[in-house]
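*Asks:* What follows is a structure written as structure tokens; I'll ask about it next.
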Amino acid sequence: MLEQTLVILKPDAYARSLTGEIIARFERCGLRLEQIRISRGEHAIIEDHYPRDDEWLTGVGGKTLADYERLGISAKEKIGTDDAAEIGRTVRRWLVDFLGSGPLVPMVLSGNRAIETVRKLVGNTLPVAAAPGTIRGDYSSDSADLANDQSRPVRNLIHASGDPEEAAREIKLWFPGLA
Ligand code: ADP
435 MLEQTLVILK PDAYARSLTG EIIARFERCG LRLEQIRISR GEHAIIEDHY
485 PRDDEWLTGV GGKTLADYER LGISAKEKIG TDDAAEIGRT VRRWLVDFLG
535 SGPLVPMVLS GNRAIETVRK LVGNTLPVAA APGTIRGDYS SDSADLANDQ
585 SRPVRNLIHA SGDPEEAARE IKLWFPGLA
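Straight run, no breaks: the sequence shown in this note's numbering ends on number 613.
Structure representation (structure tokens):
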């Protein structure tokens with residue numbers, strides 16, 4: 435059976451009218467659009483979208499710390515803490531606010547190893563580090579240090595499920611009617 439994955443075009447992608455171009459890239463690679471809608475004001479779903487467990491929070495915070503270290507930036511000076519879970523909680527709050535700030539486009543894509551294929555096309559979490567040819571690398575140069583200066587999440591256009599468990603949970607959350 436072909437694998438399914440959940441993709442969300444975030445408000446920055448919608449506001450920049452990149453919806454069609456991004457979907458075309460997925461389709462060009464052989465992925466099939468199974469479900470799609472424009473979502474407005476679905477705050478309860480957005481609130482449940484990003485996990486609340488320590489593992490997830492520490493993971494997101496850890497990536498931020500690693501990036502700061504690479505740039506020689508002090509996390510304590512920049513965002514007031516160098517605790518990974520606390521940074522994760524701050525980023526999560528910014529993300530929930532950002533996803534609720536404008537229309538977004540959730541969709542289910544299917545295809546051979548769809549999760550891996552989508553993540554490859556999407557590229558690195560931080561657009562500044564995303565390779566040319568990837569969606570984030572081609573359409574943005576945003577970075578964590580700039581975003582955090584402005585107390586906002588990195589605007590990287592897309593959310594894409596990271597593994598099969600995440601995909602199953604997210605598809606059920608955004609498209610509860612699917613078997
Ligand atoms: P991905 O979306 O690539 O799976 P993560 O799950 O690690 O990445 O992070 C979720 C989202 O949080 C990212 O897509 C990005 O928008 C935002 N984000 C991650 N790290 C930071 C950060 N240091 N500062 C601001 N936003 C961040």
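For every residue, glycine included, the Cβ atom is placed at its ideal position computed from N, Cα and C.
Quick check on L436: does DSSP put it in helix, strand or coil?
*Replies:* As a working note, residue 436 is residue 2 in the sequence shown. Reduced to three states, the DSSP call for L436 is coil.
*Asks:* How many Å lie between F609 and G475 at the Cα?
*Replies:* Position 175 of the sequence shown, counted from the first residue, corresponds to residue 609. Position 41 of the sequence shown, counted from the first residue, corresponds to residue 475. Rounded to the nearest angstrom, the two C-alpha atoms are 15 Å apart.
*Asks:* Would L467 be called buried (16 or more neighbouring beta carbons within 10 Å of its own) or exposed?
*Replies:* The sequence position of residue 467 within the sequence shown is 33, counting from 1. Exposed.
*Asks:* Could you tell me which of L436, V441, M435 sits nearest to E604, measuring between CA atoms?
*Replies:* Against the sequence shown, residue 604 aligns to sequence position 170. With distances taken between Cα atoms, E604 lies closest to V441.
*Asks:* Closest to I507 by C-alpha separation, out of V562, D583, L443, A601, would be which residue?
*Replies:* The residue you call residue 507 lines up with position 73 of the sequence shown. Per the Cα distances, D583.
*Asks:* So, at 8 Å on beta carbons, what are the nonlocal neighbours of R547 in its own chain, with the 5 sequence-adjacent residues on each side left out?
*Replies:* Here residue 547 refers to the residue found at position 113 of the sequence shown. Closer than 8 Å at the Cβ level, and outside the excluded window around R547, lie E437.
*Asks:* Need the endpoints of the alpha helix (DSSP H) that L499 sits in, please.
*Replies:* Working through the sequence shown from its first residue, we reach residue 499 at position 65. Taken as a continuous stretch (DSSP letters only), the alpha helix (DSSP H) holding L499 covers 488-505.
*Asks:* Just to confirm the assignment, what range does the alpha helix (DSSP H) spanning G454 have?
*Replies:* As a first step, residue 454 must be located in the sequence shown, where it is residue number 20. Taken as a continuous stretch (DSSP letters only), the alpha helix (DSSP H) holding G454 covers 453-462.
*Asks:* Shortest alpha-carbon distance to D572 belongs to which of L560, A581, A578?
*Replies:* To locate residue 572, count along the sequence shown from 1; it is residue 138. Residue L560 is the option with its Cα nearest to D572.
*Asks:* Ends of the alpha helix (DSSP H) at G522?
*Replies:* Within the sequence shown, the letter at position 88 stands for residue 522. Counting along the chain, the alpha helix (DSSP H) containing G522 begins and ends at 518-533.
*Asks:* Under 7 Å between the Cβ atoms of H477 and G534?
*Replies:* One-based indexing of the sequence shown puts residue 477 at position 43. One-based indexing of the sequence shown puts residue 534 at position 100. The answer is yes: Cβ separation under 7 Å.
*Asks:* What first and last residue would you give for the beta strand (DSSP E) that runs through I592?
*Replies:* Within the sequence shown, numbered from 1, the residue matching residue 592 stands at position 158. It spans 592-594 - the beta strand (DSSP E) in which I592 sits, taken as one unbroken run.
*Asks:* Reducing DSSP to helix, strand and coil, say where R514 ends up.
*Replies:* Taking the first residue of the sequence shown as position 1, residue 514 is located at position 80. The question names Arg, but residue 514 is Gly in the sequence shown. G514: coil per DSSP, three-state reduction.
*Asks:* Tell me which residue opens and which closes the beta strand (DSSP E) that G545 is part of.
*Replies:* For this step, residue 545 is matched to residue 111 along the sequence shown. That run of the beta strand (DSSP E) goes 539-545.
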